[in-house]
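Colleague: Below is the structure I would like to discuss, written out as structure tokens.
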Ligand code: CP
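Numbering (our numbering), first residue to last: 145 to 462.
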């Protein structure tokens, strides 16, 4: 594998899931693969799970790890070409990226949507600059439009907990005080659409995701109707994607908070969320603390998805 930014990069999902099981049964099986190889993790945004799980995955594979937090100690980066750099930005990303690439073998990048321009975000300008100029295999640690390491972990988790061959999986919008990117819901939809699950998306009017991510999913605007008979409830907030409202918060309606009322209409569903989660905005205390909540094993599977991805990228170096 030469890069990992979307579901297509992982190829056959059955093979990827089999590899995840192999890694889970013996996390250090490929510890020699990364000997004398260095992973650089570049963060433009905060992280707990991605930072720790990806670093742990690299250690599983015997790699060295360098972590750079761009906003804490690095020079402030200019990202646009043609700008006269007479402001507060000391370095251009087009020099910084190849320099970073010269110190490592693989690069992971976290670069969220900025909400200044939908085109800039949806063209994945920052991630693609890393792909173009680093000279190294690049993987996404959540970019503007996708979070594939999370979605792969979500898929592994559903496979582990599902009780029917074709579970009903419902992704529901839920309220949040701030404007959040669409990366997690876009990516989750992309991965669910690559399975044969019964996949439904529910959200208030105005929160339609980009059509390329909705794909063949069923969209149902009535949350309770969508959740009927669900085997998995995947809650997430996102801001508006639609033209004219891009990046805006259109609703903070707590009728959409996932609580007992919502879970009662499901097929005793498991509750999932990528974390971090705002309690009693996205989900009630009772639901997230219930035995049907699998948010912790879901987060733990981030180590597994990252180990599979790094292993494949290391194999691609040969
Ligand atoms: N789910 C996830 O990516 O968590 P972090 O933002 O803490 O890395």
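Where is the CB? At the ideal position from N, CA and C, for every residue including glycine.
Sort 460, 451, 461, 285 by Cα distance to residue 165 and report the nearest one.
Modeller: In the chain shown, counting from the first residue as 1, residue 165 sits at position 21. The residue with the shortest Cα to Cα distance from residue 165 is 451.
Colleague: Could you pull the start and end residues of the alpha helix (DSSP H) that residue 369 belongs to?
Modeller: Within the chain shown, the letter at position 225 stands for residue 369. Here the alpha helix (DSSP H) through residue 369 covers 367–371.
Colleague: Please name the residue, chosen from 376, 234, 300, 185, that lies closest to residue 212 on a Cα-to-Cα basis.
Modeller: Position 68 of the chain shown, counted from the start, is the residue given in the question as residue 212. Comparing Cα positions, the closest option is 185.
Colleague: Tell me whether residue 348, by its Cβ, gets closer than 8 angstroms to a heavy atom of ligand 1.
Modeller: What you label residue 348 is simply residue 204 of the chain shown in a count that begins at 1. Every heavy atom of ligand 1 is 8 angstroms or more from the Cβ of residue 348, so no.
Colleague: According to DSSP, is residue 251 part of a helix, a strand, or is it coil?
Modeller: For the purposes of this step, residue 251 is taken as residue 107 along the chain shown, with counting starting at 1. Reduced to three states, the DSSP call for residue 251 is strand.
Colleague: Measure from the alpha carbon of residue 408 to the alpha carbon of each residue in 370, 147, 221, 320, then state which is nearest.
Modeller: Position 264 of the chain shown holds residue 408. Considering only alpha carbons, the answer is 370.
Colleague: Measure the Cβ-Cβ separation of residue 366 and residue 346 and say whether it is below 9 angstroms.
Modeller: In the chain shown, counting from the first residue as 1, residue 366 sits at position 222. In the chain shown, counting from the first residue as 1, residue 346 sits at position 202. Yes, they are a contact pair.
Colleague: Between the stretch 427–440 and the stretch 151–158, do at least 3 Cβ pairs fall closer than 8 angstroms?
Modeller: As far as the Cβ criterion goes, the stretch 427–440 does not touch the stretch 151–158, which means the pair count is below three.
Colleague: Between residue 270 and the rest of its own chain, which residues show a CB-CB distance below 8 angstroms, the 5 nearest in sequence each way excluded?
Modeller: The residue you call residue 270 lines up with position 126 of the chain shown. The residues are 188, 223, 237, 253, 255, 287, 288.
Colleague: Which of the three DSSP states, helix, strand or coil, is assigned to residue 412?
Modeller: Position 268 of the chain shown, counted from the first residue, corresponds to residue 412. In this structure, residue 412 counts as coil in the three-state DSSP scheme.
Colleague: Tell me whether residue 194 counts as near ligand 1, meaning its Cβ is closer than 8 angstroms to at least one heavy atom of that ligand.
Modeller: The residue given as residue 194 occupies position 50 in the chain shown. Yes, ligand 1 has a heavy atom inside 8 angstroms of this Cβ.
Colleague: Would you mind working out which of 377, 406, 279, 249 sits nearest residue 305, comparing C-alpha positions?
Modeller: Here residue 305 refers to the residue found at position 161 of the chain shown. Among 377, 406, 279, 249, the Cα nearest to that of residue 305 is on 377.
Colleague: Tell me the DSSP secondary structure of residue 421 in three-state form.
Modeller: Within the chain shown, residue 421 is the residue found at index 277, counting from 1. Three-state result, residue 421: coil.
Colleague: Considering only the alpha carbon of each residue, which of 344, 434, 176 lies closest to residue 361?
Modeller: One-based indexing of the chain shown puts residue 361 at position 217. Among 344, 434, 176, the Cα nearest to that of residue 361 is on 344.
Colleague: From the DSSP output, in three-state form, read off residue 392 for me.
Modeller: For the purposes of this step, residue 392 is taken as residue 248 along the chain shown, with counting starting at 1. Here residue 392 sits in coil by DSSP.
Colleague: My output table needs one value for residue 401: the three-state DSSP class, helix, strand or coil.
Modeller: The sequence position of residue 401 within the chain shown is 257, counting from 1. Residue state, collapsed to three classes: coil.
Colleague: Suppose you measure from the CA of residue 167 to the CA of residue 249; what does that come to, to the nearest Å?
Modeller: In the chain shown, residue 167 corresponds to position 23, counting from 1. In the chain shown, residue 249 corresponds to position 105, counting from 1. Taking the straight line joining both Cα atoms gives about 22 angstroms.
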